[in-house]
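Q: Protein chains in written order, with the working numbering: chain Z, 63 to 369; chain E, 2 to 267.
Glycine included, C-beta positions come from ideal geometry on N, C-alpha and C.
Pasting a structure below so you can have a look.
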Amino acid sequence: MDRLERRTDQRTFVLLALPAWLILGAFLLVPLLGMLLISFSRRGVYGGLEPLSETWRHLRAGEAFHNYTRSFAWIYLRIFWRSLWIAAVTTGVTLVVSYPVAYYMARIKSARWKSVLVVLVVIPFWTSFLIRTYAWMLILRSEGLVNSFLVHAGLIRAPLPLLYNDFAVLLGLVYGELPFMILPLFASLEKQDRTLVEAAADLGAGRWATFWRITVPLSLPGVAAGAALVFIPSLGQFIVPDLLGGAKSVFVGNIINNQFLSHGRDVPFGSALAFELCALVLAMLLLYALYSRRSAARSSTGVADVH
Amino acid sequence: MCISRGFSARRWLAFHTHAVLLFLYAPIAVLAVYSFNSARRVSAAWSGFTVHWYAVAWRDVPIQDAAFNSLLIASIATAISTVVGTAAALALARARRAPATRGLIHVPIVVPEIAMGAAMVVFFGLCRWPLGLATTLTAHVVFTVSYVGLVVRARLVGMDPALSEAARDLGATPTGAFLRVTLPLIAPGIAAAALLAFTVSLDDYVVTSFVAGPGSTTLPLKIYSMLKTEVTPEVNAVCTLLLAATVVLVGVSQRLIGRQQGSVLG
């Protein structure tokens, strides 16, 4: 390729990529930077921000990280810990539920049925999370579907407290994230080289042995991708704890949202919390990137390639 | 449906898969069914079939306004982001290594919605830009660009580059090859991406809750406030309508994706 062609190509690239850079730069990157700067400021007397002179005074006195220090108090750290914990449990449950589904879908011989199942799994993925979570309120309430049925059938006397607790939050999260786990697992399992399984059978391995020693290890990149796609969004979840959780089910998404509501708002503190959430997400992504690079280097056959 | 495993294992896998699919769709079905329940209070008891709540929702002026806002914002945001996102996807397809642009397209998806909403409302506040339709539209364009970019990029990656090279060899200019070979090939993918972006914009709650002003309530915001104040059966009707619209849009989008390539996944 001569220099003129290369320069025209470069120019075309810049022209094509420029609109995205302008829009995302101005309306996402700059706001994120702005939020970082605000996180060093403090709440004004009437909500909103304190006067700039006050911020400057704090900065010069070396007290810029006030909001971050405050967020390390146990009440907030505990909320971060609970969010990590419920995200982890959600990921585990989702994985256990999804793996057989993905395996079954990958093994279907008929291409038509396979694509029907994929479409069936994809559709909930794109529908409103809010509405699907609300539907669970209808089912779990004390006058809801489950309780009414159990009381009518005489199985229980008083309605079970199925809603407004961590159980409901976990259920709602698993429900919402299922497609995010099924699809990457399916992609990974479908691409697996069937001949490896046949070879293991030829060498005398039983079905279980083949599954645990060939299929599962080769599907680990898919597992990692699904785990990342479930764990990371679960950390910052707001809708599910807000609708299905009780007064005690407070997670990171809820406390951040609270800082931006009309009463008791503390925008700088909320910004600091939001940034810490972003940092957590970035750390998880880095872990995932490191894992995926190492596993790609190890699998020389490229069979387990997900992306 | 046949798979190559043993008898009882296959049976169990099939049962489990169907149970999970049932689990995925049961809440949606429950919601739809109860939208036709004629009971005045939202309870599990079935009091008869009615479309009364749909009529109530249809005539409700705040709901009409919210629906109009949602459709308006989704249409404009989709139009803008389809162009911008497709351009970005094309840029990425040309460049061998463009880590910054590739990373940029992923940012809206990776950043938690709460953080994105917070950052935007802070930004609009700092710019003294009052919250309203324009701010909501801007926020929607930001995340839909990402969806369009990623979906179109996936289509481009799957496309055979030999086709446009062949066009060039046969004498077409780069623009000509693009317009007459590449574009028609990825057109279904672009349409699918646009439909998905439209759906995402229609359904968005978290980011919109931060950046919408008092006069620019969207349908999800209205639904949320209805849920939080008093659960009337009207809400079930509105939700079912929105769900139905989404399912139709996504279904069409999936057909478009399937039509372009033989690949099963988008």
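Taking only the alpha-carbon atoms, compute the straight-line gap between residue 117 of chain E and residue 94 of chain Z and give it to the nearest angstrom.
A: C-alpha separation (whole angstroms): 7 angstroms.
Q: Looking only at its chain, what residues have a beta carbon closer than 8 angstroms to the beta carbon of residue 96 of chain E, apart from the 5 residues adjacent to it on each side?
A: 102.
Q: Along chain Z, in chain order, which residues have C-beta atoms closer than 7 angstroms to that of residue 105 of chain E?
A: Under the 7 angstroms cutoff, chain Z gives 82, 83 and 86.
Q: Between residue 121 of chain E and chain Z, is there a C-beta pair that is closer than 7 angstroms?
A: True, the Cβ-Cβ gap to chain Z drops below 7 angstroms.
Q: Just checking: is the beta-carbon of residue 21 of chain E within a distance shorter than 7 angstroms of some beta-carbon in chain Z?
A: Chain Z, which has a Cβ nearer than 7 angstroms to the Cβ of residue 21 of chain E, makes this yes.
Q: Would residue 258 of chain E count as contacting chain Z if we go by Cβ distances under 7 angstroms?
A: No, residue 258 of chain E does not count as interfacial toward chain Z.
Q: How about residue 302 of chain Z and residue 224 of chain Z: are their beta carbons less than 7 angstroms apart?
A: Contact flag unset, no.
Q: Give the C-beta separation of residue 186 of chain E and residue 164 of chain E to the nearest angstrom, bearing in mind that I take them to be a contact with Cβ-Cβ under 8 angstroms.
A: Contact holds; Cβ gap of about 7 angstroms.
Q: Just to check my reading of the structure: residue 54 of chain E and residue 238 of chain E have Cβ atoms closer than 8 angstroms, yes? What is that Cβ distance to the nearest angstrom?
A: Correct: roughly 4 angstroms between the Cβ atoms.
Q: If I follow the unbroken alpha helix (DSSP H) through residue 201 of chain Z, where does it start and stop?
A: Taken as a continuous stretch (DSSP letters only), the alpha helix (DSSP H) holding residue 201 of chain Z covers 191 to 202.
Q: Rounding to the nearest angstrom, what Cα-Cα distance links residue 293 of chain Z and residue 196 of chain E in this structure?
A: Cα-Cα distance, rounded: 27 angstroms.
Q: Say whether chain Z places a C-beta atom closer than 7 angstroms to the C-beta of residue 17 of chain E.
A: Yes - at least one Cβ of chain Z is within 7 angstroms of the one on residue 17 of chain E.
Q: Along the chain, where does the alpha helix (DSSP H) that runs through residue 55 of chain E open and close?
A: Counting along the chain, the alpha helix (DSSP H) containing residue 55 of chain E begins and ends at 53 to 60.
Q: For residue 328 of chain Z, which residues from the same chain have a beta carbon less than 7 angstroms from its beta carbon, with the 5 sequence-adjacent residues on both sides left out?
A: Excluding positions up to five away in sequence, the list reads 105 and 321.
Q: According to DSSP, is residue 41 of chain E helix, strand or coil?
A: Residue state, collapsed to three classes: coil.
Q: Could you check whether the Cβ of residue 358 of chain Z sits closer than 7 angstroms to any Cβ belonging to chain E?
A: Chain E contact via Cβ: absent.
Q: Against chain E, does residue 300 of chain Z count as a neighbour if the rule is that its beta carbon must be under 7 angstroms from one of theirs?
A: For residue 300 of chain Z, the answer is yes, since a Cβ of chain E falls inside 7 angstroms of its Cβ.
Q: Closer than 8 angstroms by beta-carbon distance: list the chain Z residues that pair up with residue 89 of chain E, in chain order.
A: Within 8 angstroms Cβ-Cβ: 78, 79, 81 and 82.
Q: Just checking my contact of residue 204 of chain E with residue 136 of chain E at CB under 8 angstroms: how many whole Å lie between their CB atoms?
A: The Cβ separation is near 18 angstroms, so there is no contact.
Q: When you compare each of Z:75, Z:227, Z:90 and Z:165 to residue 13 of chain E by their alpha carbons, which one comes out closest?
A: When only C-alpha atoms are compared, the closest one is Z:165.
Q: Does any residue of chain Z have a CB that is nearer than 7 angstroms to the CB of residue 148 of chain E?
A: False, the Cβ-Cβ gap to chain Z never drops below 7 angstroms.
Q: Name the two residues that bound the continuous alpha helix (DSSP H) containing residue 141 of chain Z.
A: That run of the alpha helix (DSSP H) goes 136 to 169.
Q: Run through DSSP, which three-state label would residue 9 of chain E get?
A: Looking at residue 9 of chain E - three-state DSSP - the assignment turns out to be helix.
Q: Please classify residue 23 of chain E as buried or exposed, where buried requires at least 16 neighbouring CB atoms within 10 angstroms.
A: With fewer than 16 other Cβ atoms within 10 Å, it is exposed.
Q: Using a Cβ cut-off of 8 angstroms, pull out every chain Z residue sitting near residue 124 of chain E, in sequence order please.
A: Within 8 angstroms Cβ-Cβ: 89, 92, 93, 96 and 97.
Q: Is it true that the region 148 to 162 of chain E meets the region 224 to 238 of chain E, where meeting means three or more beta-carbon pairs spaced less than 8 angstroms apart?
A: The answer is no - the region 224 to 238 of chain E does not touch the region 148 to 162 of chain E, with fewer than three Cβ pairs under 8 angstroms.
Q: List the endpoints of the continuous alpha helix (DSSP H) containing residue 191 of chain E.
A: Note, residue 191 of chain E: alpha helix (DSSP H), 184 to 204.
Q: Looking at chain Z, is there any beta carbon in it that lies within less than 7 angstroms of the beta carbon of residue 77 of chain E?
A: No, its Cβ sits nowhere closer than 7 angstroms to a Cβ of chain Z.
Q: Anything in the region 175 to 190 of chain Z with a Cβ closer than 9 angstroms to a Cβ of chain E? List those residues in chain order, please.
A: The region 175 to 190 of chain Z vs chain E, Cβ under 9 angstroms: 175, 176, 177, 179, 180, 181, 182, 183, 184, 185, 186, 187, 188, 189 and 190.
Q: Would you mind reading off the limits of the alpha helix (DSSP H) that contains residue 124 of chain E?
A: Looking at the DSSP string, the run of the alpha helix (DSSP H) that includes residue 124 of chain E is 114 to 127.
Q: State the Cα-Cα distance for the pair residue 226 of chain Z and residue 305 of chain Z, rounded to the nearest angstrom.
A: Using only the alpha carbons, I get a separation of about 8 angstroms.
Q: Does any residue of chain Z have a CB that is nearer than 7 angstroms to the CB of residue 199 of chain E?
A: It does not; no Cβ of chain Z falls within 7 angstroms.
Q: Output yes if chain E places a C-beta closer than 7 angstroms to the C-beta of residue 354 of chain Z; else output no.
A: By this cut-off, residue 354 of chain Z is not an interface position.
Q: Do you know whose CA, among Z:252, Z:272 and Z:76, lies nearest residue 260 of chain Z's CA?
A: Out of Z:252, Z:272 and Z:76, Z:272 has the C-alpha closest to the C-alpha of residue 260 of chain Z.
Q: In the structure shown, what three-state DSSP assignment does residue 111 of chain Z receive?
A: Strand at residue 111 of chain Z.
Q: Is there at least one Cβ from chain Z nearer than 7 angstroms to residue 204 of chain E's Cβ?
A: It does; some Cβ of chain Z falls within 7 angstroms.
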